[in-house]
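A short write-up of the structure that comes next.
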Amino acid sequence: MVTTWTDGDPAAYLDAVTPAVRRRDAHTLRDLMERVTGQAPRMFGTSVVGFGEYHYEYESGHSGDAPAASFAPRRTASTIYLPDGVGAHAERLAVLGPHTTGVGCLYLKDLEQVDLAVLEDVLRRSWATVTSGTFGQRARDSS
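Position 28, counted from 1, in the sequence shown is what our numbering calls 15; the numbers after and before it change by one each time, with no gaps.
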C-alpha cells in the first residue's frame, strides 16, 4: 500500500504525541517547517506531518508525489525526511549538534541540543531543491 495524503488533523495528532519531549519538539518542527515552506501542515499517512508536495521521477520510470518537507515524531527520536538525501547537507549537518542519519532521514532526540538555525537552513535548502521542478534523484544518490 502506498502512503498518501489523508484528512487527519495534524494539530490533534501532534497534541497526542508521547513522550512529552517529542511532543514539544513536534510543535517546534511544525512551526519551523511552516515558516520555511509557507505551507500549512497536512497528514501523510497516519504519522507523517507534511508540508507542500513535490513530484519525483526516476530513470527507472518510477514516479510519484510526496511531501516536500516532512517529519514524524517517533517514540525514540523525531524523524525529519530529507528527500534530497542527507549527503546533500553533510557540511551543515556536521555543525548541527547531536543527531544520527539514515539515507534520507535525520534523527533528532532533543531539539534543545541542536542549532535550530542550522536545521532551518538544511530544511530551506532541501525545500528549494525538491520544489524546483520534477525531482529525479534518489536520497541514496546524494553527495
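All C-beta atoms, glycine included, are put in the ideal place defined by N, C-alpha and C.
*Is the stretch 24 to 31 touching the stretch 91 to 102, taking contact as three or more C-beta pairs under 8 Å?*
no
*asked:* Classify Gly48: buried if its beta carbon has 16 or more other beta carbons within 10 angstroms, exposed otherwise.
replied: exposed
*asked:* Using C-beta distances below 8 Å, list every residue in its chain close to Ser65, excluding the 5 sequence neighbours before and after it, in chain order.
replied: Arg9, Asp12, Ala13, Leu16, Phe58, Ala59, Tyr94, Leu95, Lys96, Leu98
*If you draw a straight line from the C-alpha of Ala(-2) to the C-alpha of Thr24, how long is it?*
17 Å
*asked:* By the three-class DSSP mapping on this structure, what secondary structure does Gly25 have?
replied: coil
_With distance defined between alpha-carbon atoms, name the residue in Asp(-4), Thr118, Leu110, Ala75 nearest to Thr33._
Asp(-4)
*In whole angstroms, what is the alpha-carbon distance linking Val36 and Ala55?*
Computed Cα separation, rounded: 11 Å.
_Whole-angstrom distance between Val101 and Thr(-9), CA atom to CA atom_ = Spanning the two alpha carbons is a distance of roughly 30 Å.
*Might you give, ordered along the chain, the residues of its own chain that have their beta carbon closer than 8 Å to the beta carbon of Leu19, omitting 5 neighbours on each side?*
Leu103, Leu106, Glu107, Leu110
*Measure the alpha-carbon distance for Gly84 versus Asp2 and round it to whole angstroms.*
26 Å
_Assuming Val90 is part of the alpha helix (DSSP H), what are its boundary residues?_
In the DSSP annotation of this structure, Val90 is not part of any alpha helix (DSSP H), being labelled neither H nor E.
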